[in-house]
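The sequence shown: position 162 = 161 (numbering that gives the first Met the number 0), numbered continuously.
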Amino acid sequence: MLKKSERRKILSKAETLSKNPFVKKDGLKGSGYYVEYRTDDARLTIEVMKKAVELGAKAINYTKAEQFIYDDKRQVSGVTVTDRLSGKVYDIYGHRVINAAGPWVDKVRKLDYSHNNKHLRLTKGIHLVIDKKKFPMEQAVYFDTPDGRMVFAIPRDKKVYVGTTDTFYDESPINPKALESDHNYVIKAINYMFPDVHVTEKDVESSWAGVRPLIYEEGKDPSEISRKDEVWFSDSGLITMAGGKLTGYRKMAEKLLDDISKGLSKETGKTFKSVQTKHLPISGGDIGGSGNLESFIDKKAKEAINRFGWSLEEAREVVKRFGTNIDQLFTYAQEHKEKGIDTLPNSLYAELHYAIYHESVIDPVDFLLRRTGYLLFDMPYLLEWKDAVFEEMNRLFHWDEKTREKLQVELDTQIKDAREPADWHDRKSE
């Protein structure tokens, strides 16, 4: 049930322009105004996993599934995995095995001896990141493009990110890349709807590409394929969850796990609690409800400023990122202050040490891209401090020369892919 304050409204032309004065005025009659959700998918994922671990789950990072284990009835009973750090191989067992591998769902199913005829159709989407000084925007906008597709422009701290594209994708989902044609499409869309902004490729600070794991539908264009979710059951007992949207992740998981619990109860005679997700905040989310968010951010930001000298901007950004886990970061900030460390800013030192000791980070890309988003949303800051972050991690992990070189190449490649279309530097290397 939507709150009364969240119900959609229709705004006049004048009201629309008051919220975003840069929208194209020619032909503008008004707009719809509604509640939408913005999230950081990487942070959401890690905070969900941290809460699960807090409640007793076992989470395994940097691990590759190699093959399924079967019982004497040819039913899946576990998975053989390889620890990608040590190279050791382990067998992990469970009453049920769920394949929720996103764009890798089909690849995982090929490890199983039985699977149905359904499969995924991957599509690629990209976003461009532009500084607010060039693209001044405080209100997110969902708008149509010259070819009839829809695009979001969303403010986030000091930046605005715009996207996404929607094209079929047949390459590896491991590291999809934004191409020059993708950049041109989004830039054209921006200048179509915001003609006074005059965005060019030089204004793009960073970009990224992602892959949508959609369920294949014959003869449909990328934007026409349903975002619905489905659960597939193999004869081997392997359960596959496919499709769906990020905003529905809790309901998808709740329904599946309740169904699995009922099945296990019949088999074992044991009883299981129904899923409690409706009333369970993610790690860092124990602020007493969304209505308390702003006051919580204000309070903790003020504490960071007074105790550690953080700027208001960085204090609010870091508090928003870590929520009620911020007190643990303050422990590392205090350590930085007491030791007089000058190789890293106080807030960045706190973020890095928290990510290493509480979020299983062992390489710079994980920290600078997935845990903090600096690689996408604050390229100038990243370029200033990436080497110091690298050296601090090297000090803590004692990398050998081979590991150090590998991690440096990975970081440099990610930065290069973010800063310019991938086919630009592909052409340069020819």
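Backbone N, C-alpha and C define an ideal beta-carbon position, used for all residues, glycine too.
Closest by C-alpha distance to residue i, when choosing among the options
i      : options                        : result
Ala100 : Gly290, Thr342, Pro212, Phe321 : Pro212
Phe167 : Asp71, Asp181, Arg155          : Asp181
Asp149 : Lys176, His118, Lys8, Val185   : It should be noted that the sequence gives Met, not Asp, for residue 149. It is Val185.
Gln74  : Ile238, Lys385, Glu400         : Ile238
Pro20  : His118, Pro145, Met192         : Met192
Lys109 : Thr144, Gly77, Gln66, Ser76    : Gln66
Lys336 : Ala303, Pro145, Ser359         : Ala303
Ala300 : Asp326, Gln413, Asp285, Phe376 : Asp326
Thr330 : Ala354, Ser310, Leu311         : Ala354
Asn98  : Lys269, Gly262, Leu256         : Leu256
Gln333 : Thr270, Gly322, Tyr348         : Tyr348
Lys133 : Lys265, Ile189, Lys338         : Ile189
Lys131 : Gly247, Thr270, Gly262, Ala152 : Ala152
Glu404 : Phe389, Asn305, Asp416, Lys23  : Phe389
Lys18  : Asn305, Pro154, Asp416, Asp143 : Pro154
Leu263 : Gly236, Asp386, Leu279, Lys277 : Gly236
Thr270 : Lys261, Ser4, Thr276           : Lys261
Lys265 : Glu400, His94, Gly287          : His94
Lys24  : Lys3, Asn183, Asp39, Val196    : Val196
Gly322 : Ser359, Gly287, Ala13, Pro135  : Gly287
Whether residue i touches residue j by CB criterion (8 Å)
i      : j      : result
Lys350 : Thr371 : Per the sequence presented here, residue 350 reads as Glu, with Lys not at that position. Contact: yes.
Leu395 : Pro363 : no
Val80  : Ala64  : yes
Val161 : Leu127 : yes
Lys158 : Ile129 : yes
Val457 : Val96  : One cannot answer for residue 457 here, as it falls past the ends of the chain, which runs 0 to 429.
Pro221 : Pro172 : no
Arg369 : Ala41  : yes
Ile361 : Tyr61  : yes
Asp90  : Ile68  : yes
Ile449 : Gly29  : Residue numbering for the chain in the displayed model covers 0 to 429; residue 449 lies beyond these limits and cannot be assessed.
Asp111 : Ser11  : no
Ile414 : Leu374 : yes
Ile125 : Trp207 : yes
Gly209 : Pro175 : yes
Ala241 : Ile214 : yes
Val22  : Val107 : no
Trp384 : Leu343 : yes
Leu178 : Ala421 : yes
Ser76  : Asp82  : no
Per-residue burial, residue i [other beta carbons within 10 Å of its own, 16 or more giving buried]
i      : result
Gly283 : buried
Ser346 : buried
Thr122 : buried
Thr439 : In the structure as shown, the chain starts at 0 and stops at 429, and residue 439 therefore has no counterpart that could be examined.
Tyr92  : exposed
Arg320 : buried
Asn116 : exposed
Phe307 : buried
His114 : buried
Asn324 : buried
Arg315 : buried
Val43  : First, the residue type needs correcting, since residue 43 is Leu and not Val in the sequence shown. So Leu43 ends up on the exposed side.
Val318 : buried
Leu245 : exposed
Glu204 : buried
Pro145 : exposed
Thr163 : buried
His352 : buried
Leu279 : exposed
Asp285 : exposed
Any non-hydrogen atom of the ligand ZN within 7 Å of residue i CB
i      : result
Lys272 : Annotation note on the ligand ZN: not contained in the displayed structure, which lists no ligands.
Closer than 8 Å to chain B by CB, residue i
i      : result
Asp234 : Considering every chain present, this structure includes no chain B. It has just one protein chain.
Do the region 24-34 and the region 196-212 make contact, defined as three or more Cβ pairs closer than 8 Å? no
Check whether the region 378-387 and the region 42-61 are in contact - that is, three or more C-beta pairs closer than 8 Å. no
For the 8 Å Cβ check, are there 3 or more pairs between the region 226-234 and the region 243-255? yes
Quick one: which unbroken alpha helix (DSSP H) runs of 4-plus residues sit fully inside the region 363-418? Chain order, please. 373-376, 378-396, 400-418
Runs of 3 residues minimum, wholly inside the region 152-211: which ones carry the beta strand (DSSP E) assignment? 158-162
Report the start-end ranges of each alpha helix (DSSP H) in the region 115-145 that is 4 residues or longer and not cut off at the edges. none
In chain order, which continuous runs of the alpha helix (DSSP H) of length 4 or greater are located wholly inside the region 305-336? 311-321
Complete alpha helix (DSSP H) runs within the region 24-67 (minimum length 4 residues, chain order): 40-53
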